[in-house]
Amino acid sequence: MEGCDSKNGSDSFLDCLLFDLDDTLYSRSTGMAEFCRTNINEFLMQRFGLTVEDASKLRVDLFRTYGSSLAGLRALGYDIDADEYHSFVHGRLPYDLIKPDAELRDVLKRIKKRKLVFTNSDRVHAHKVLHRLNIGDCFEGIICFETLNPNISKSKRPDEYPVILKPSKEAMEIAIAVAKADPLRTLFFDDNVRNVAAGKSIGLQTVLVGKSTKSKEADYAIDSIHDLHAVIPQRWLADTEVNDNTEAVVASDYQSISCKPSESSVSTTTLVRA
Ligand SMILES: [Mg+2]
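Residue numbers (our numbering): 82 to 355.
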């Protein structure tokens with residue numbers, strides 16, 4: 082890890098933690114990202130009759146230019162339904178590759194600060210992943226695709242409402258607004274260098290996850306989310322183990338993962354734009 086010198090001092094003013102989901106709260110070694118890329122290729126092949134090589138090239142081009150295949154296709158005028166796209170791309174992922182993470186759960190439960198998930202992924206995917214990790218009840222809320230793009234389903238043409246995602250500044254500002262957080266008092270975790278840079282541009286303290294070396298805009302870098310304790314002051318952690326009922330959460334279906342009744346004014350499971 083790198084850049085953790087201030088963990089016992091100057092960051093005590095922080096009061097909110099924002100966590101990206103995919104490849105941040107679980108390791109990319111699960112292979113989920115690769116399955117996701119394969120599914121996007123398959124979507125493009127079916128929709129446009131492309132070869133796998135052409136679909137893969139289009140996916141990469143759309144990602145580089147527009148941030149995601151869905152955003153790019155809609156910007157180019159293709160009427161791709163977001164729910165249908167997410168259902169195809171995420172709905173067939175092998176979620177059983179993601180295992181309950183008791184170690185992460187213990188640390189999250191002990192952190193006496195506001196904690197939210199901030200992901201470009203859709204709500205259903207976010208709930209499934211958090212349920213698999215058994216950490217859904219560790220968070221006050223989930224800021225997800227639907228939070229960032231509340232008007233997509235109402236659009237009369239594909240480019241009427243551009244898809245908003247990290248790393249756009251607008252996405253970052255929406256997240257901070259719906260979380261009712263102070264950017265200068267927020268610690269943001271993400272595995273994507275561009276997202277970390279976007280967070281830094283609006284004043285967040287930033288942690289690059291999954292890397293041993295900081296990017297230019299990262300305040301810290303940690304190899305794994307399991308090193309989370311290294312970038313927070315020890316005094317943030319509850320001294321004693323938090324009363325926990327892991328089995329009850331594991332047994333519940335993902336729909337029942339609810340945000341803990343919050344200490345703040347934000348209390349819904351999936352946050353919505355004001
Ligand atoms: Mg990520």
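Glycine included, each C-beta is placed from N, C-alpha and C at the ideal position.
Under the 10 Å beta carbon count, residue 149 is surrounded by 16 or more other beta carbons and is classified as buried. For residue 139, the CB contacts under 6 Å within the same chain, skipping 5 residues up- and downstream, are 125 in chain order. With a cutoff of 7 Å on beta-carbon distance, residue 240 and residue 152 are scored as not near each other.
DSSP, reduced to helix, strand and coil, places residue 97 within a strand of the structure shown. Where residue 267 is concerned, the enclosing beta strand (DSSP E) starts and stops at 267-271.
Runs of alpha helix (DSSP H) with 4 or more residues, each lying fully within the region 291-325, are absent. A straight line joining the alpha-carbon of residue 284 with that of residue 266 spans about 9 Å. Excluding sequence positions up to five before and after residue 120, its CB lies within less than 8 Å of the CB of 169, 170, 171, 173 and 174, all in the same chain and listed in chain order.
Around the Cβ of residue 228, a 10 Å sphere holds 16 or more other Cβ atoms; the residue is buried. At a cut-off of 6 Å, the beta-carbon of residue 104 counts as near ligand 1: some heavy atom of the ligand is closer than that. With a contact defined as Cβ atoms closer than 8 Å, residue 213 and residue 257 miss out at about 27 Å. Your pair residue 249 and residue 277 does not check out as a contact, with CB atoms roughly 14 Å apart and the cut at 8 Å.
The region 212-250 contains, as complete beta strand (DSSP E) runs of 3+ residues, the segments 222-224 (chain order). With a cutoff of 7 Å on beta-carbon distance, residue 97 and residue 252 are scored as not near each other. Counting along the chain, the unbroken beta strand (DSSP E) around residue 195 starts and ends at 195-199. Between residue 301 and residue 290, the gap from beta carbon to beta carbon reaches 7 Å or more.
For residue 102, DSSP assigns no beta-bridge partner whatsoever. For residue 272, the shortest separation between its Cβ and any heavy atom of ligand 1 lies below 6 Å. Between the C-alpha atoms of residue 275 and residue 100 there is a straight-line separation of about 15 Å. When the alpha-carbon of residue 271 is set against those of 299, 244, 254 and 245, the nearest one is in 299.
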